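Chains as they are written, first to last, in the numbering used here: chain A, 20 to 332; chain B, 916 to 1173; chain C, 7 to 146. Take a look at the structure set out below.
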Amino acid sequence: MTRTDPDTAVRVAGLTKRFGTFTAIDDVSFTVERNKIYGLLGRNGAGKTTLMQLLTGQQFATSGTLEVFGASPVENARVLQSLCFIKESQKYPDSFRPEHVLASAPWFFANWDAAFAARLVDDFRLPLNRPIKKLSRGQLSAVGVIVGLASRAPLTFFDEPYLGLDAVARQIFYDRLLEDYAEHPRTVILSTHLIDEVSNLLEHVLVIDEGRILMDQDAEQLRGSASTVVGKKTDVDAFVAGRDIISRDGIGGLASVTVSGLSEAERTAARAAGLELSPVSLQQLIVQRTTSTTGSPTTHDAVTATDAWSTHS
Amino acid sequence: MTDLMTGTAASVHPRSAPTRIWNVVRLHLVDRRTYIGIPWLIVGIAFVITVFIAQIIGFTTGGLGTPDAIEGQRYSWAVLSPQWYLVVVGVQAISFGFPLALGFGVTRRDFYLGTALLFVLISAGNALAFAVLTQLEQLTHGWWLNSYMFNALWLGLDGFWVDVFSFFVMQLLVFFVGASIATIYMRWRMPGMLVFWSALALAIVGTIMLITFTSSWPTVAIWFVAQGIAGIFAWLLVPAALAALGGYLALRKATPKN
Amino acid sequence: MSGPHHPLIESRQSLIEAGKPIFMQIAEQIENDIIDGAIEEESPVPSTNEFAAFHRINPATAGKGVNRLVDDGILYKRRGIGMFVATGARQRLVGARTEQFRTNFVGPLLDEAAKLGITPEQVADMIKNPTATERKANNS
């Protein structure tokens, strides 16, 4: 058995994946610490699924190194037995019913908890003996979510697992994930574009955009790392001069500028100058970051960038 | 934070290779209908139809049980009726089983070995069952109805063990051909299919041309007769093995696509 | 889980707001509950996991909030049982909050008053008779 760092689940360095001339993952480096919940966030087509396929040995890297629990996951039975990859587009044999999935899952996941799975089936009201082909989109997602939770794999990937799940079912998913994670800590990588819904569950955030890691930060550091300053344009401009401006907006004589890192004294100063300060949610922050960097001439314009996120905050 | 670290799920006891491979077999068989239920249902339906057709043949040839009537039933393909379904099962073992198994953290190698083991086991089971049924059919003179379904085509001519062997090879070939075609599609999609089917068609047409232009058809016929049933099926092991090996090589680098 | 019946959790009305570190919000909420007596000294505080489940937040984040209060000596750990409010915690919190009140509210108040030529005595008078002050302001 190889040496494994007890604190590290994933270590990636210079990872690149090309499909022909298209670079899906572009020289990416990061680590994932064990027993934390990570958010892998990014717009559609940013490379989230490809990255997870690489981490689970389903895709082959073009270059770079990739270690999961201390070794390459590709065709590595020891590593792969510790992984569970739930993806939105998971295929099942034509004749399968949910009962077949739940009957076979324990053969592959050593930590499988059948009682927990049964409880989740009740929670999601999943009909066990209906052919999978005839399940609704939400019920199909529930099958994946149940496997992902009840498998208790040391490293679990959820790739947009909630397609078709209604708000109640998504909340059940988040609640069960938190409860079970608290009892049985493990590494979870949750890929989603519903950032507002999951942001409080995350301990660490990885933002990927056009195949590159744009942010790799502790979620708590990110929260409160930016503020929006609103007020008369002249006052706002004077206050934000020389600061790290994340985004800028305005109408008439009013300006609204998001800046990073304000100290308590600076906040007091801003209020004293008659400016209004409002917090920036994780989703707003990420949308603004991805929008501003992709606003470069060669890529999409800012409007489509904002549309790509569900910005119902 | 300390109260958080109880009952960790951070480690897993690794399972041995034989266990992992056997689990793939079980995964394919978790829905018994696919490999066992439906094929035997098809055999059952084919048998009922065969009994009816036997009556018709008997009526037109002047009585059942005459050598002519038995010989007439030998041209029935009813005994192979589940094979059309089983070639599709071979395709689906890869096209649906592979993405599912990889999602369950199975390596490509373990998946392929497990799938191949399943094919061997099902083929052996079917071969034994069909050979036994062939013998029973002879003993009961066509199930006391003079209806012969299993003593058809080449089966029941050269004895029990030749039946077992030939059916086993035929069944393996059906599974592996289905599986390797699905694997080519999985790995190379439509371009792969195009190349594969064109190459196959060219090879067949080319062989026929070669034999025709060299006026070798009599030689070929003599060769086939000389091989006997066991010999021909022994030769069919070659394409079965090629399909199995080719499928493995293609699958080793395949990725389940969405 | 005894969580939902715990006085601290029952008293919880506010939810987590966006754009502010959650562990600070958790710590502040526990502090508020200690200050207004919803949770008494030497009584237990819900576990990290109970906080996490109730607020639907990451347990590590909840733990960070609780640990901050442990570092400040407001809470203390009893091995194998859980977290408890330290004796004297309320007094210390009230003291600290009073100090914050002075800098965050009284200071700016007096600064503004000075700008307008209002003496601290007049301010005190306004506070004592808020309605009278209001009428006077409206009349002028």
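We put the CB at the ideal spot given by N, CA and C, even for glycine. Computed from a prediction, not measured in an experiment: that's the story for all the values here.
Open item on the list: Is threonine 981/B close to chain A? Criterion is C-beta to C-beta, closer than 9 Å.
Closed with: Counted from its first residue, the second sequence places residue 981/B at position 66. Not closer than 9 Å to any Cβ of chain A, the Cβ of threonine 981/B fails to qualify, so no.
Open item on the list: Counting only Cβ pairs nearer than 9 Å, list the residues of chain E close to isoleucine 227/A.
Closed with: Annotation note: the requested chain E is absent from the structure, which comprises protein chains A, B and C.
TODO: Entirely within the segment 217-278 of chain A and at least 3 residues each: give me those beta strand (DSSP E) ranges in chain order.
DONE: Entirely contained in the segment 217-278 of chain A, the beta strand (DSSP E) runs reaching 3 residues are, in chain order, 223-228, 231-237, 245-251 and 264-270.
- [ ] Counting only runs of 4+ residues fully inside the segment 63-124 of chain C, write out the alpha helix (DSSP H) ranges in chain order.
- [x] 65-77, 95-107 and 113-121
TODO: Return no unless some Cβ of chain C is closer than 9 Å to the Cβ of aspartate 263/A.
DONE: Here residue 263/A refers to the residue found at position 244 of the first sequence. Not flagged as an interface residue toward chain C: aspartate 263/A, since no C-beta distance is shorter than 9 Å.
- [ ] Output, in chain order, the set of chain B residues within a Cβ distance shorter than 9 Å of aspartate 237/A.
- [x] The sequence position of residue 237/A within the first sequence is 218, counting from 1. Here the premise fails: no neighbours, minimum Cβ distance about 15 Å.
Task: Assigned secondary structure, arginine 37/A (DSSP; H/G/I helix, E/B strand, else coil) - done: If you number the first sequence from 1, residue 37/A lands on position 18. Looking at arginine 37/A - three-state DSSP - the assignment turns out to be strand.
Task: Option in Arg930/B, Asp983/B and Val1089/B with minimal Cα separation from proline 997/B - done: As a working mapping, residue 997/B is identified with position 82 in the second sequence. Shortest Cα-Cα distance from proline 997/B to any of Arg930/B, Asp983/B and Val1089/B involves Val1089/B.
Open item on the list: Quick check: does the Cβ of arginine 144/A come within less than 8 Å of any heavy atom belonging to the ligand COA?
Closed with: No copy of the ligand COA appears in this structure; indeed no ligand is present at all.
Open item on the list: Starting from lysine 106/A, trace the beta strand (DSSP E) in both directions and tell me its first and last residue.
Closed with: Residue 106/A sits at position 87 when you count from the first residue of the first sequence. Looking at the DSSP string, the run of the beta strand (DSSP E) that includes lysine 106/A is 102-106.
Open item on the list: Given a cut-off of 9 Å on the beta-carbon distance, is the pair aspartate 228/A and phenylalanine 49/A in contact?
Closed with: To locate residue 228/A, count along the first sequence from 1; it is residue 209. To locate residue 49/A, count along the first sequence from 1; it is residue 30. Not in contact: aspartate 228/A and phenylalanine 49/A (Cβ atoms no closer than 9 Å).
TODO: Could you check the C-alpha separation between serine 170/A and alanine 186/A for me, to the nearest Å?
DONE: Here residue 170/A refers to the residue found at position 151 when the first sequence is read from its first residue. Here residue 186/A refers to the residue found at position 167 when the first sequence is read from its first residue. Distance between the alpha carbons of serine 170/A and alanine 186/A is about 23 Å.
Task: proline 1133/B - DSSP class collapsed to helix/strand/coil - done: Taking the second sequence and counting its residues from 1, the one referred to as residue 1133/B is at position 218. Three-state result, proline 1133/B: helix.
- [ ] Please name the residue or residues paired with serine 210/A in a DSSP beta bridge.
- [x] In the first sequence, counting from the first residue as 1, residue 210/A sits at position 191. Looking at the DSSP assignment, serine 210/A forms a beta bridge with Leu59/A and Asp178/A.
Open item on the list: Please report the straight-line C-alpha distance between asparagine 148/A and aspartate 141/A, rounded to a whole angstrom.
Closed with: As a working mapping, residue 148/A is identified with position 129 in the first sequence. As a working mapping, residue 141/A is identified with position 122 in the first sequence. Going by the C-alpha atoms only, they are around 14 Å apart.
TODO: Whole angstroms is fine: what's the gap from leucine 1043/B's alpha carbon to phenylalanine 1082/B's?
DONE: The residue labelled residue 1043/B in the question sits at position 128 within the second sequence. The residue labelled residue 1082/B in the question sits at position 167 within the second sequence. Going from the Cα of leucine 1043/B to the Cα of phenylalanine 1082/B covers about 8 Å.
Task: Helix, strand or coil at serine 931/B according to DSSP, with G and I counted as helix - done: Position 16 of the second sequence, counted from the first residue, corresponds to residue 931/B. If DSSP states are grouped into helix, strand and coil, serine 931/B belongs with coil.
- [ ] Can you tell me which of Gln106/C, Gly101/C and Asp131/C puts its alpha carbon nearest to the alpha carbon of glutamate 283/A?
- [x] Numbered from 1 along the first sequence, position 264 holds the residue referred to as residue 283/A. When only C-alpha atoms are compared, the closest one is Gln106/C.
Task: Opening and closing residue of the alpha helix (DSSP H) in which valine 1092/B lies - done: Residue 1092/B sits at position 177 when you count from the first residue of the second sequence. If you look at valine 1092/B, you'll find it in the alpha helix (DSSP H) that goes 1075-1128.
Task: Backbone CA spacing between alanine 915/B and alanine 1116/B [nearest angstrom] - done: Only positions 916 to 1173 of chain B appear in the structure, and residue 915/B is not among them; the question remains open.
Open item on the list: Assuming glycine 83/A is part of the beta strand (DSSP E), what are its boundary residues?
Closed with: Against the first sequence, residue 83/A aligns to sequence position 64. Here the beta strand (DSSP E) through glycine 83/A covers 82-87.
Task: Bridge partner(s) assigned by DSSP for serine 49/C - done: What you label residue 49/C is simply residue 43 of the third sequence in a count that begins at 1. Per DSSP, none; premise fails for serine 49/C.
Task: Run of the beta strand (DSSP E) containing serine 297/A, from where it starts to where it stops - done: As a first step, residue 297/A must be located in the first sequence, where it is residue number 278. 295-298 is the extent of the beta strand (DSSP E) around serine 297/A.
Open item on the list: Does any residue of chain A have a CB that is nearer than 9 Å to the CB of isoleucine 87/C?
Closed with: Looking up residue 87/C in the third sequence gives position 81. Answer no: the Cβ-Cβ gap between isoleucine 87/C and chain A never drops below 9 Å.
Open item on the list: Buried or exposed, going by whether 16 or more other CB atoms sit within 10 Å of the CB of phenylalanine 57/C?
Closed with: Translated into the one-based positions of the third sequence, residue 57/C becomes position 51. Buried, because 16 or more other Cβ atoms sit within 10 Å of the Cβ of phenylalanine 57/C.
Open item on the list: If you measure between the beta carbons of glutamate 52/A and alanine 90/A, is that distance less than 9 Å?
Closed with: Locating residue 52/A in the first sequence gives position 33, where the first residue counts as 1. Locating residue 90/A in the first sequence gives position 71, where the first residue counts as 1. No, they are not a contact pair.
Open item on the list: What does DSSP give as the partner residue(s) for isoleucine 44/A in the beta ladder?
Closed with: Here residue 44/A is taken as the residue at index 25 of the first sequence, counted from 1. The partner list for isoleucine 44/A (beta bridge, DSSP) reads Lys36/A.
Task: Candidates Arg108/C, Ile28/C and Ala102/C, of which the one nearest glycine 69/C by Cα - done: Here residue 69/C refers to the residue found at position 63 of the third sequence. Nearest of Arg108/C, Ile28/C and Ala102/C to glycine 69/C, Cα basis: Ile28/C.
Open item on the list: Determine whether the beta carbon atoms of leucine 1015/B and phenylalanine 104/A lie at a separation below 9 Å.
Closed with: Position 100 of the second sequence, counted from the start, is the residue given in the question as residue 1015/B. Position 85 of the first sequence, counted from the start, is the residue given in the question as residue 104/A. No; because the gap between Cβ atoms is not below 9 Å, this pair is not in contact.
Open item on the list: Contact criterion: CB-CB distance below 9 Å. Does serine 82/A meet it with respect to chain B?
Closed with: Along the first sequence, read from residue 1 onward, the residue named residue 82/A stands at position 63. False, the Cβ-Cβ gap to chain B never drops below 9 Å.
- [ ] Using a Cβ-Cβ cut-off of less than 7 Å, list which residues of the segment 94-114 of chain C approach chain A; keep chain order.
- [x] none
Task: Neighbour list for aspartate 946/B in chain A, Cβ cutoff strictly below 8 Å - done: Numbered from its first residue, the second sequence carries residue 946/B at position 31. Those are Pro112, Ser114, Phe115, Arg116 and His119, listed as they occur along chain A.
Task: tryptophan 1069/B burial status per 10 Å Cβ neighbour count (16 or more: buried) - done: The residue you call residue 1069/B lines up with position 154 of the second sequence. When all chains shown are included, tryptophan 1069/B counts as buried.
Open item on the list: So proline 1171/B contacts chain A; which residues on that side make the cut at Cβ distance below 8 Å?
Closed with: Taking the second sequence and counting its residues from 1, one reaches residue 1171/B at position 256. Here the neighbours are Gln77 and Lys110.
- [ ] Could you run through the segment 32-65 of chain C and flag, in chain order, every residue whose CB is less than 8 Å away from some CB of chain A?
- [x] Thr54, Asn55, Ala58, Ala59, His61, Arg62, Ile63, Asn64 and Pro65
Open item on the list: Rounding to the nearest angstrom, what Cα-Cα distance links threonine 81/A and alanine 1169/B in this structure?
Closed with: Taking the first residue of the first sequence as 1, we reach residue 81/A at position 62. Taking the first residue of the second sequence as 1, we reach residue 1169/B at position 254. Rounded to the nearest angstrom, the two C-alpha atoms are 15 Å apart.
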